[in-house]
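Chemist: I'd like to ask you about the structure that follows.
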Amino acid sequence: MRLPKFRYLEPESIREASSVLSDEPTAKFLAGGTDLLPNMKHKVELPSTVVNLKKIPGLNFIREDNGDIRIGALSPLKKIYRDAMITKGLPVLASAASSVGSYHHQGMGTIGGNICQQNRCRYFNQSKWWRSTRPTCFKAGGEICHVVNKKETCYATYCGDVAPALLVLEAKIVLQNKNDTREIPLEDLFTGNSKTPLGFQMGEILTEIIIPGKAINGFSIYQKVANRESIDFPIVGTALWASPTEKVYRVAFTAVDRKPLRGHKVESFLNGKDLGDGILEEAGQIASKEASPVKTSNYSPSYKRKMMGLLLQNALKQAVGR
Ligand SMILES: Cc1cc2nc3c(=O)[nH]c(=O)nc-3n(C[C@H](O)[C@H](O)[C@H](O)COP(=O)(O)OP(=O)(O)OC[C@H]3O[C@@H](n4cnc5c(N)ncnc54)[C@H](O)[C@@H]3O)c2cc1C
Ligand code: SF4
1 MRLPKFRYLE
11 PESIREASSV
21 LSDEPTAKFL
31 AGGTDLLPNM
41 KHKVELPSTV
51 VNLKKIPGLN
61 FIREDNGDIR
71 IGALSPLKKI
81 YRDAMITKGL
91 PVLASAASSV
101 GSYHHQGMGT
111 IGGNICQQNR
121 CRYFNQSKWW
131 RSTRPTCFKA
141 GGEICHVVNK
151 KETCYATYCG
161 DVAPALLVLE
171 AKIVLQNKND
181 TREIPLEDLF
191 TGNSKTPLGF
201 QMGEILTEII
211 IPGKAINGFS
221 IYQKVANRES
231 IDFPIVGTAL
241 WASPTEKVYR
251 VAFTAVDRKP
261 LRGHKVESFL
271 NGKDLGDGIL
281 EEAGQIASKE
291 ASPVKTSNYS
301 PSYKRKMMGL
311 LLQNALKQAV
321 GR
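Sequence positions in the sequence shown follow our numbering and run 1 to 322.
The following block contains the structure:
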């Protein structure tokens with residue numbers, strides 16, 4: 001499959017890169033390209049200009065700062081799960097990063113690109129020829145959804161592995177455009193609208209991820225079920241951060257909704273409790289009702305809900321073991 005024609009730029013500053021998108025909203029940023037380029041080959045994303053961020057210095061780092069951990073958005077996934085501080089203190093993030101695609105995706109793919117990846121659907125992530133056998137769907141510019149018969153609503157699913165790990169770590173992100181810098185909770189980046197899943201303001205670049213240092217003190221784990229052990233998006237991914245001594249728990253899911261999802265109901269159920277045997281099963285049952293997935297992949301919504309519960313139970317069992 002060939003790439004469509006596009007203008008290609010390699011700016012050397014955030015200001016320069018941001019200016020391109022401010023003046024030309026149909027342009028797109030490129031980091032590792034492992035999500036954007038396949039989508040362009042499938043002709044589901046057709047940017048007029050591709051703005052490579054990799055020539056901008058200072059966006060590939062992992063460092064401790066005032067007790068917090070700061071990660072540059074262009075840091076490759078491989079760098080993240082090989083970092084001793086992250087592997088030891090934030091295993092949920094290391095294991096989410098190492099579960100992405102294959103070794104090659106982890107070498108090319110960046111943490112920023114992983115967070116900002118497109119939502120997915122079995123009627124969307126297909127070649128132009130495959131899609132030509134049925135009317136163009138809403139997300140690809142048409143007027144119909146092949147999954148849910150609701151006007152002008154797309155249900156494509158967010159399938160990134162890293163975002164749920166960052167949600168349970170209560171990560172913040174830094175967004176920069178040519179004029180401003182703002183810091184927001186990662187959760188606020190996701191709109192829940194699958195046609196425009198990310199709430200960037202004009203020309204904004206994700207530059208940094210900030211993880212509060214206190215997250216290091218807890219137990220954390222990422223559990224993923226996928227069709228194959230590598231080169232596969234999650235059918236369901238579940239992240240857990242737990243402080244069993246303080247009886248505080250944070251849970252997040254991926255691949256079950258239009259955005260990565262915090263498990264607020266199951267967190268309220270667990271908070272303040274000891275992890276005894278009886279409550280694990282109940283927590284699993286509550287977790288399986290946190291989302292209402294639709295059939296945007298080959299897996300049924302009921303299977304996904306069941307796996308949400310089982311993955312969380314398994315994660316909680318491991319928290320008890322520690
Ligand atoms: C076969 C295959 C298997 C895969 N398996 C998985 C998987 O298991 N789990 C998973 O999570 N992903 C998977 N992916 C998707 C992809 O490889 C990863 O999400 C990867 O981390 C994307 O990072 P990237 O740097 O390559 O992003 P890119 O493709 O460069 O960018 C992705 C999107 O983010 C935007 N973007 C990138 N960086 C920034 C930034 N700093 N600021 C603002 N916008 C930005 C781009 O404009 C683009 O829209 C898979 C892809 C393939 C092809
Ligand atoms: S959920 Fe519907 S509109 Fe969205 S990509 Fe799938 S078929 Fe298209």
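Every residue, glycine too, gets a C-beta built ideally from N, C-alpha and C.
1. Over the uninterrupted alpha helix (DSSP H) stretch that includes A319, give me the two end residues.
2. In the DSSP output, what is R182 paired with across the bridge?
3. Please report the distance separating the alpha-carbon of Q118 from that of G237.
4. Regarding T34 and ligand 1, is the C-beta to nearest heavy atom distance less than 7 Å?
5. Out of V147, N227, I56 and Y123, which one is the CA nearest neighbour of E10?
6. Do you know how far the Cα of Q201 is from the Cα of D232?
7. If you reduce the DSSP assignment to three classes, tell me which class L90 lands in.
8. How many angstroms separate the CA atom of R228 from the CA atom of S95?
9. Got a sec? Which residues, its chain only, sit under 8 Å from R134 by beta carbon, not counting five neighbours each side?
10. Among V148, V50, S302 and A226, which one has its Cα closest to the Cα of E290?
11. Please state whether DSSP places K41 in a helix, a strand or coil.
12. So, is T196 buried or exposed, given that buried needs 16 or more other C-beta atoms within 10 angstroms?
13. Return the CA-CA distance between F6 and S297, expressed in angstroms with no decimal places.
14. State the CB to CB distance for the pair A215 and E267, rounded to an integer number of angstroms; the pair is presumed to be in contact (CB under 8 Å).
15. Mind reading off the beta-carbon distance from I111 to D83? Whole number of angstroms is fine, and I expect it under 8 Å.
Modeler: Result, derived from the coordinates:
1. Taking the first residue of the sequence shown as position 1, residue 319 is located at position 319. Per DSSP, A319 belongs to the alpha helix (DSSP H) from P301 to G321.
2. Within the sequence shown, numbered from 1, the residue matching residue 182 stands at position 182. L175.
3. The sequence position of residue 118 within the sequence shown is 118, counting from 1. The sequence position of residue 237 within the sequence shown is 237, counting from 1. Each residue's Cα considered, the two are about 17 Å apart.
4. Counting from one through the sequence shown, the residue named residue 34 turns up at place 34. Within the cutoff, so yes.
5. Residue mapping note: residue 10 aligns to position 10 of the sequence shown, counting from 1. Ranking V147, N227, I56 and Y123 by Cα distance to E10 puts I56 first.
6. On the sequence shown, position 232 is the one that residue 232 refers to. On the sequence shown, position 201 is the one that residue 201 refers to. So the alpha carbons of these two residues sit roughly 31 Å apart.
7. For the purposes of this step, residue 90 is identified with residue 90 of the sequence shown, where counting begins at 1. Here L90 sits in coil by DSSP.
8. Along the sequence shown, one-based indexing puts residue 228 at 228. Along the sequence shown, one-based indexing puts residue 95 at 95. Each residue's Cα considered, the two are about 16 Å apart.
9. Position 134 of the sequence shown, counted from the first residue, corresponds to residue 134. Cβ neighbours of R134 beyond the five flanking positions: Y123 and H146.
10. Mapped onto the sequence shown, residue 290 falls at position 290. Comparing Cα-Cα distances from E290 to each of V148, V50, S302 and A226, the minimum goes to S302.
11. Counted from its first residue, the sequence shown places residue 41 at position 41. Three-state DSSP puts K41 in a helix.
12. Along the sequence shown, one-based indexing puts residue 196 at 196. Label assigned to T196: exposed.
13. Residue numbering aside, residue 6 sits at position 6 when the sequence shown is read from its first letter. Residue numbering aside, residue 297 sits at position 297 when the sequence shown is read from its first letter. Roughly 30 Å separates the two Cα atoms.
14. Indexing the sequence shown from 1 puts residue 215 at position 215. Indexing the sequence shown from 1 puts residue 267 at position 267. About 15 Å; that fails the 8 Å criterion.
15. Residue 111 sits at position 111 when you count from the first residue of the sequence shown. Residue 83 sits at position 83 when you count from the first residue of the sequence shown. No, I111 and D83 are not in contact; Cβ-Cβ is about 11 Å, not under 8 Å.
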